[in-house]
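These protein sequences, in sequence, are chains A and B. Following numbering that gives the first Met the number 0, the residues of the first sequence are numbered contiguously, the last one being 437. Following numbering that gives the first Met the number 0, the residues of the second sequence are numbered contiguously, the last one being 437. Positions of the beta carbon are idealized from the N, C-alpha and C atoms, including for glycine. From a predicted model like this one, the values you see are computed outputs, not experimental measurements.
There are 2 protein chains.
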Amino acid sequence: MNIILLSGGSGKRLWPLSNDIRSKQFIKLFKSADGGLESMVQRVHRQITKVDDSARVTIATSKSQVASIRNQLGDDVGVCVEPCRRDTFPAIALASAYLHDVMGVGADEPVVVCPVDPFVNDDYFEHLQMLSDLAATGDANLSLMGIEPTYPSEKYGYIIPKTADKTSAVDTFKEKPDARTAQQYIDQGALWNGGVFAYKLGYVLNRAHELIDFTDYQDLFNKYDTLTKISFDYAVVEKESQIQVLRFPGEWKDIGTWNTLTEAMSESVVGKAILNETCENVHVLNELDMPILCMGLKDVVVSASPEGILVSDKEQSSYIKPFVDAINQQVMFADKSWGNFRVLDVEENSMTIKVTLNPGQRMNYHSHEHRDETWTILSGTGRTIVDGMEQPVQAGDVITMQAGCRHTVIADTELKIMEVQLGKEINVHDKQKYELEE
Amino acid sequence: MNIILLSGGSGKRLWPLSNDIRSKQFIKLFKSADGGLESMVQRVHRQITKVDDSARVTIATSKSQVASIRNQLGDDVGVCVEPCRRDTFPAIALASAYLHDVMGVGADEPVVVCPVDPFVNDDYFEHLQMLSDLAATGDANLSLMGIEPTYPSEKYGYIIPKTADKTSAVDTFKEKPDARTAQQYIDQGALWNGGVFAYKLGYVLNRAHELIDFTDYQDLFNKYDTLTKISFDYAVVEKESQIQVLRFPGEWKDIGTWNTLTEAMSESVVGKAILNETCENVHVLNELDMPILCMGLKDVVVSASPEGILVSDKEQSSYIKPFVDAINQQVMFADKSWGNFRVLDVEENSMTIKVTLNPGQRMNYHSHEHRDETWTILSGTGRTIVDGMEQPVQAGDVITMQAGCRHTVIADTELKIMEVQLGKEINVHDKQKYELEE
C-alpha cells in the first residue's frame with residue numbers, strides 16, 4: 000500500500016505539551032507495545048506496518064516537522080516537505096508528484112491519503128487497505144472513507160451515500176452542519192467524512208496538471224509558494240462524479256483538544272504525579288522533572304512542560320487558543336533529528352540549554368555571529384569539532400566557543416551537554432551552517 | 000521594646016513554596032510597601048519597627064533558618080540559634096539568657112515573646128508594646144495576649160479572664176476544645192491564647208535556673224541537647240498565679256495552610272499566571288519562570304516552585320502533609336545569607352545549579368571531596384579564589400574546579416553563575432570549609 004500521511008497542525012490547542020515546533024501528533028502520551036510511551040504519529044506508523052508490513056509511507060509536512068519525524072520514526076518513512084503552507088490540494092499534488100518522480104511509483108498504482116492523527120484501532124488501517132484495493136480496480140476515480148457517526152457532530156463534514164452497502168456511490172457532500180441538521184443527515188444514512196482519499200496516482204497527477212502549470216516534482220516544489228491555497232475537497236472531490244465511499248463502522252476519535260485527548264488515554268497519569276483519593280476524572284500529563292500533587296479536583300486536566308503549566312476544567316480546555324496566542328514566548332523545548340534540547344534558564348544576556356544527542360548523531364557544523372557558547376559535558380562520550388579541530392570529549396570536559404567560531408559535536412554514546420549561550424542578541428536565527436570536510 | 004520572635008515550623012504544609020530549608024515564614028507573597036513582595040517575617044519585622052523604631056528584635060530559631068533570616072532581614076536583628084529542637088521553654092530560656100548575657104539586657108527590663116508569623120495589622124504590635132509596659136510595672140509576673148475569638152475554633156487554647164476589662168487577671172486556661180465546648184468558653188467570655196508572653200527578663204531567668212542547672216548563656220547553649228522537651232505553657236504559665244491577660248480586639252490570622260494563606264492574600268496571583276474569566280476563587284502562587292494558565296477552576300490553589308507543583312481544592316489542601324512526606328526529594332532551592340541557589344537539572348552523575356550572589360557577598364571558602372565543578376559566569380562581576388589564587392571574573396568566564404580544590408567567589412555586583420557539579424556521589428554534605436587568609 001502507498002500511503003500519504005498529511006501532517007499539519009499547530010501547537011496551540013494542546014499547549015503546553017505542543018509548541019511552535021512540536022505539533023500534537025508528536026507528543027508521547029500513549030502506551031507503546033514495549034511499555035514506554037509513543038506519539039500519535041508513532042502509533043499510526045506502527046498500526047500501518049502491522050496491517051501491511053510492506054506499506055510505503057510518505058509524510059507530507061512542513062519543514063518545521065522534519066526533525067521530529069526523523070527523531071521519532073528514523074529513516075523508515077519518506078518525507079515530502081512543503082516549502083510553505085498552501086492547503087490540501089497543493090500538498091497532495093506535491094506528494095503525488097514526489098511518489099511518481101522521486102519514489103518511482105507508477106501512474107496505475109493506488110495511493111491512499113490519510114490524516115496523520117486519527118486515534119483508531121487496527122480495523123481502520125484494514126479499511127485503508129480496502130480503499131487502496133478499491134482504487135486499484137478503477138471502478139471509481141476517487142474512493143473515500145465514511146465513518147459511521149456516533150452523535151450529531153457539528154465538527155465534521157457529512158457524506159450521504161446512495162445505498163447502505165459497505166461500498167456505495169456518493170449521493171452528496173454536506174458541509175459542517177448545526178446539530179439539528181446533523182441529526183437529519185444521520186437519519187438519511189449520512190457518514191462522517193474522514194478526510195481519507197484513495198486514487199490511482201495518475202488521476203491526481205492529471206488533475207494537478209490541469210490546474211497547475213508544472214513539469215515534474217522539482218518544478219512543482221520550486222514554484223510552490225506561487226500556488227493558490229485551495230482544498231482537495233474543493234479542487235477535486237466536489238468536481239468528480241465517479242466517486243464512491245467505503246463505510247467504516249469502527250472506533251474513530253479526533254483528538255484535537257485536551258478534553259478528547261484525555262478520553263483516549265488508557266492511564267490517568269503520564270509523568271511524575273500524585274493524585275489523592277478525592278480526585279475524580281483528573282488527568283495529569285507532566286513532562287517536567289518535578290512532581291505534581293493534585294488534591295480534591297474534579298474533571299480537570301493538568302499538563303506541564305518547559306513551556307508552562309495548564310490547569311483546566313476539561314470542557315473549558317477547548318477555549319485555550321487565544322490564551323496561548325497571548326503567551327507568545329520563545330520555544331522552550333524541541334525534538335531534533337539528532338536528539339533534543341530544553342531551555343532551562345533565560346536571562347537578559349544569557350540562555351542555558353540542556354542538549355541531548357542520540358548515539359551516533361551529530362549537530363550541523365555551525366557558528367553564531369552574536370553569541371559565545373560554553374559546553375559542559377554532563378555524560379557520555381563523543382567528539383567536538385571546533386574551527387576544524389577534532390577532540391574527544393567526556394563527562395566534565397568544558398568547551399568554550401567565541402562568536403564566529405565554527406563548531407559541532409558528534410555523539411558516540413548518548414551525550415548530554417549543558418550549553419550556556421552568552422550575548423546581547425540571543426535568538427535561534429543567529430546560525431550559519433557549513434559543510435564539514437573530514 | 001525587647002522582643003523575641005519564635006521562628007519554628009517545617010516545610011510541609013505550604014509545599015512546594017516551602018521545603019526543608021525554607022519554612023513558611025520566609026515565602027515572599029505579601030505586597031510590600033515598595034510594591035515588591037515580602038515574606039511573613041519581613042512583614043512582621045517591618046510592622047514592629049513601625050510601632051517602635053528602637054525595638055530590639057531577637058529571633059529564636061534553628062541553625063537551618065539563619066541564612067534565610069540574614070538574607071531577608073540582613074543584620075538588623077539578633078539571632079539566637081537553638082542547637083537542636085527542645086520545645087518552647089528551653090528555647091525561651093536560651094533566648095532570655097542570650098538577651099541578658101550577650102545583649103546586656105537588664106534583669107528588670109521587660110521582654111515580649113511572640114510567634115514570628117501572625118498575620119495581623121499594626122494594632123497587634125501596639126498591643127505588644129502595651130504588654131511590654133504591663134510587664135515593666137511588675138503588677139503580675141506574666142502578661143499574656145488574649146485574642147477576641149471570631150468563631151468557636153478547635154485549633155487554639157482558650158484563656159478565661161476574671162473580668163471583661165482590657166486587662167484582667169486570668170481565671171483559668173483551657174486546652175484546645177471541640178467546637179461545642181469552644182462555644183461554651185466563648186459564652187463565658189473566653190479569649191484565644193495567642194502564644195504571646197511578656198515578663199521581666201529576671202523572672203524567666205529565675206524559672207530557668209530553678210529547672211535547669213546552668214551558669215550562663217554559653218553554658219546553657221553547650222548543654223542544650225541534654226535538656227528535656229517541655230513547653231513554656233506547661234513549665235511556667237500553668238504554675239504561675241500572678242498572671243494577667245491583655246484583650247486584643249483586632250484582626251488576627253494564623254496562616255498555616257494554603258486555605259488560610261490565600262484568604263490573607265491581597266491579590267489572587269503572585270508570579271506569572273493567566274486566569275480565564277470562568278475561574279472563581281482561584282489563587283496562583285508561581286515561583287517558576289514559566290506561565291501557568293488556569294481555566295474554569297473553582298476554589299482551587301495552584302502553587303509552583305522548583306520543588307514541584309500543587310493543584311488543590313482549597314479545603315483539601317489542609318491534608319497535604321502525608322503526600323509531601325512521601326515525595327521526599329532533595330532540596331531544590333534555598334535562600335542563603337549570600338544570595339540563593341536553584342537546582343535546574345539532576346542527572347545520575349551531575350547536577351546543574353543556578354547560583355545568585357548578592358552584591359558584596361561571598362560564599363564560604365570550601366572544597367568537595369567527591370565532585371568536580373564548573374562555573375560559567377552568566378552576568379555581573381566579581382572575583383574567584385581557587386586554591387589561594389584570586390582572579391577577576393565577568394560574564395562568559397569559565398572556572399573549572401577538580402574535587403579537593405578549595406574555592407570561593409566574591410560578588411562585586413550581583414553575580415549569576417551556572418554551576419555544573421559532576422561526580423558519582425553528589426550531596427550537600429560533601430563540603431569542607433576553610434578559613435581564608437587574604
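Q: Tell me residue 160(B)'s beta-bridge partners as DSSP assigns them.
A: Listed as beta-bridge partners of residue 160(B) by DSSP are 169(B).
Q | Close-in-space but distant-in-sequence residues of the same chain around residue 49(B) (CB under 8 Å, 5 per side omitted) | A | If we look at residue 49(B) and ignore the five residues flanking it on each side, its Cβ neighbours are 121, 124.
Q. Do residue 207(B) and residue 92(B) have their C-beta atoms within less than 9 Å of each other?
A. It is a contact, given that the beta carbons lie within the stated cut-off.
Q. Is the CB of residue 37(A) under 9 Å away from at least one CB in chain B?
A. Not one chain B Cβ lies under 9 Å of residue 37(A).
**Q.** Separation of residue 316(A) from residue 261(A), as counted between CA atoms
**A.** Those two C-alpha atoms are separated by around 11 Å.
Q: Say whether chain B places a C-beta atom closer than 9 Å to the C-beta of residue 303(A).
A: Yes, residue 303(A) lies at the interface with chain B (some Cβ there is under 9 Å from its Cβ).
Q | Length of the line joining the Cα atoms of residue 408(A) and residue 349(B) | A | The C-alpha of residue 349(B) is placed about 20 Å away from the C-alpha of residue 408(A).
Q: Use the C-beta contact count for residue 285(A): other C-beta atoms within 10 angstroms, 16 or more gives buried, fewer gives exposed.
A: By the neighbour-count rule (16 or more Cβ atoms within 10 Å), residue 285(A) is buried.
Q. Over what stretch of residues does the beta strand (DSSP E) that includes residue 262(A) continue unbroken?
A. Per DSSP, residue 262(A) belongs to no beta strand (DSSP E); it is in the alpha helix (DSSP H), 257-263.
Q. From residue 352(B) to residue 418(B), what does the alpha carbon distance come to, in whole angstroms?
A. Across the structure, residue 352(B) and residue 418(B) are spaced so that their CA atoms are roughly 5 Å apart.
Q: Using only alpha-carbon positions, find the residue among 411(B), 309(B), 239(B), 84(B) that is nearest to residue 357(B).
A: The shortest Cα separation from residue 357(B) among 411(B), 309(B), 239(B), 84(B) belongs to 411(B).
Q. Looking at the structure shown, is residue 64(A) part of a helix, part of a strand, or coil, going by DSSP?
A. DSSP, reduced to helix, strand and coil, places residue 64(A) within a helical segment of the structure shown.
Q) Between 31(A), 24(A), 20(A), 229(A), which lies nearest to residue 523(A) when the distance is taken from Cα to Cα? A) Only positions 0 to 437 of chain A appear in this structure, which leaves residue 523(A) out of reach.
Q: May I ask which residues mark the beginning and end of the beta strand (DSSP E) holding residue 220(A)?
A: Not the beta strand (DSSP E): residue 220(A) falls in the alpha helix (DSSP H), residues 216-221.
(Q) Looking at the secondary structure, which residues open and close the beta strand (DSSP E) in which residue 285(A) lies? (A) For residue 285(A), the uninterrupted beta strand (DSSP E) segment begins and ends at 282-285.
Q) If we ignore side chains and look at the alpha-carbon of each, how far apart do residue 21(B) and residue 59(B) end up? A) Each residue's alpha carbon lies about 16 Å from the other.
Q: Could you tell me which chain B residues have their CB closer than 7 Å to the CB of residue 399(A), listed as they occur along the chain?
A: Going along chain B in sequence order, the residues near residue 399(A) (Cβ under 7 Å) are 397.
Q) With a Cβ-Cβ cutoff of 9 Å, do residue 224(A) and residue 83(A) count as a contact? A) Cβ atoms of residue 224(A) and residue 83(A): closer than 9 Å.
**Q.** Host alpha helix (DSSP H) of residue 205(B) (start-end)
**A.** Where residue 205(B) is concerned, the enclosing alpha helix (DSSP H) starts and stops at 200-210.
Q.
Tell me the rounded alpha-carbon separation between residue 187(B) and residue 430(B).
A. For residue 187(B) and residue 430(B), the distance between alpha carbons rounds to 58 Å.
Q) What does a CB cutoff of less than 7 Å around residue 146(A) pick up in its chain, not counting 5 residues either side in sequence? A) Within the same chain, residue 146(A) has close Cβ partners 190, 191, 193, 247, 251.
Q.
Just to confirm before moving on: does the CB-CB distance between residue 181(A) and residue 160(A) stay below 9 Å?
A. For the 9 Å CB-CB criterion, residue 181(A) and residue 160(A) do not form a contact.
Q: Go through the stretch 43-128 of chain B residue by residue and report every complete run of the alpha helix (DSSP H) that reaches 4 residues or more, in order.
A: DSSP runs (the alpha helix (DSSP H)) wholly in the stretch 43-128 of chain B: 65-72, 87-96.
(Q) So with CB distances below 7 Å, who are the chain B contacts of residue 378(A)? (A) For residue 378(A), the residues of chain B that pass the 7 Å Cβ criterion are 346, 348, 349, in the order they occur in the chain.
Q. Residues bridged to residue 141(A) by DSSP?
A. According to the DSSP secondary-structure assignment, residue 141(A) is paired through a beta bridge with 242(A).
Q) If we call anything under 9 Å between Cβ atoms a contact, is residue 215(A) one with residue 100(A)? A) Yes. Within cutoff.
Q | residue 326(B) - DSSP class collapsed to helix/strand/coil | A | In the structure shown, residue 326(B) sits in a helix (DSSP, three-state: H, G or I).
Q) Name the DSSP beta bridge partners of residue 361(B), please? A) In DSSP, residue 361(B) forms a bridge with 409(B).
(Q) Quick check: is the beta carbon of residue 14(A) nearer than 9 Å to any beta carbon in chain B? (A) Taking Cβ atoms only, chain B reaches closer than 9 Å to residue 14(A), which makes this a yes.
Q) Between the stretch 61-79 of chain B and the stretch 6-22 of chain B, do three or more beta carbon pairs fall short of 8 Å? A) Flag = yes, the stretch 61-79 of chain B and the stretch 6-22 of chain B touch.
Q: Could you pull the start and end residues of the beta strand (DSSP E) that residue 185(A) belongs to?
A: That residue, residue 185(A), is in no beta strand (DSSP E); its alpha helix (DSSP H) goes 178-186.
Q.
Going residue by residue through the stretch 333-396 of chain A, where are the continuous alpha helix (DSSP H) segments of at least 4 residues, counting only ones entirely within it?
A. Here no run is fully enclosed.
Q. Using a Cβ-Cβ cut-off of 6 Å (strictly less than) and excluding sequence neighbours within five positions of residue 11(B), which residues of its own chain qualify?
A. Closer than 6 Å at Cβ, skipping near neighbours: 320, 323.
**Q.** Below-9 Å beta-carbon distance, residue 307(B) vs any chain A residue
**A.** Taking Cβ atoms only, chain A reaches closer than 9 Å to residue 307(B), which makes this a yes.
Q: Starting from the Cα of residue 363(A), find the closest Cα among 382(A), 435(A), 142(A), 164(A) and give me that residue.
A: Here the closest residue by C-alpha is 435(A).
Q: Determine the direct distance from the alpha carbon of residue 157(B) to that of residue 148(B), and round the result to whole angstroms.
A: Using only the alpha carbons, I get a separation of about 9 Å.
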